[in-house]
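Numbering (this note's numbering), first residue to last: 11 to 188.
Even glycine gets a Cβ: it sits at the ideal position worked out from N, Cα and C.
Only one structure is covered here, and it is reproduced in the block below.
Take a look at the structure:
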């Protein structure tokens, strides 16, 4: 559960007095990192959370319960392997490490509590995560892609040559392809 105080979901407006929005995000079986698509709250879960909270909300407070909004991402990463590293197992470990980092629930994220709501995705942080995988000798770069309709578009680079995907305060990344 994430609480978004003073946020009206329909208009995406923050700072509205008397409004509380709760974002429900269901866990996965076993509590581990899954694959895309990421967990989504269905209507019965949203209704159950709303019913539980509605009887406890202060009078004159608007309560909204919503599901998560994901921003679909894809990435490519070029890694150099150590001579003694098993190729397929090491590449699978790189994919798993990147998926774990961007996972919205525990054990994902930098602190093991899931990717933080609204936190931008930066290519340099993904490079560091890939470099930590045993068997990886070097990382030659990460390229980020966002979905534009039905196709993937490369994310532009800033003045430092870095890529960053900005997320709105109510969004989480959803890693679709590595």
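Neighbour-count burial assignment, residue i, 16 or more Cβ in a 10 Å radius
i          : result
residue 31 : buried
residue 88 : exposed
residue 11 : exposed
residue 99 : exposed
residue 69 : exposed
residue 39 : exposed
is_contact[residue i, chain D] using C-beta, thresh 8 Å
i          : result
residue 41 : The structure shown contains no chain D; it is built from a single protein chain.
Inter-residue Cα distance where the pair is residue i and residue j
i           : j           : result
residue 172 : residue 66  : 46 Å
residue 131 : residue 166 : 13 Å
residue 170 : residue 112 : 23 Å
residue 44  : residue 37  : 10 Å
residue 16  : residue 23  : 8 Å
residue 48  : residue 142 : 24 Å
residue 92  : residue 27  : 56 Å
residue 14  : residue 163 : 30 Å
Cβ pair residue i, residue j closer than 8 Å
i           : j           : result
residue 72  : residue 104 : no
residue 114 : residue 177 : no
residue 51  : residue 63  : no
residue 56  : residue 25  : no
residue 179 : residue 118 : no
residue 133 : residue 156 : no
residue 19  : residue 80  : no
Own chain residues within Cβ distance below 6 Å of residue i, not counting five before or after
i           : result
residue 189 : Only positions 11 to 188 of the chain appear in the structure, and residue 189 is not among them; the question remains open.
Per-residue DSSP class, three states only, for residue i
i           : result
residue 98  : helix
residue 104 : helix
residue 188 : coil
residue 167 : strand
residue 56  : helix
residue 133 : helix
Close Cβ partners of residue i (< 8 Å) along its chain, the five nearest in sequence each way excluded
i           : result
residue 116 : 41, 122, 123 and 124
residue 108 : 85, 87, 136, 139, 140, 185 and 188
residue 168 : 174
Own chain, CB closer than 7 Å to residue i, minus 5 neighbours either side, in chain order
i           : result
residue 160 : none
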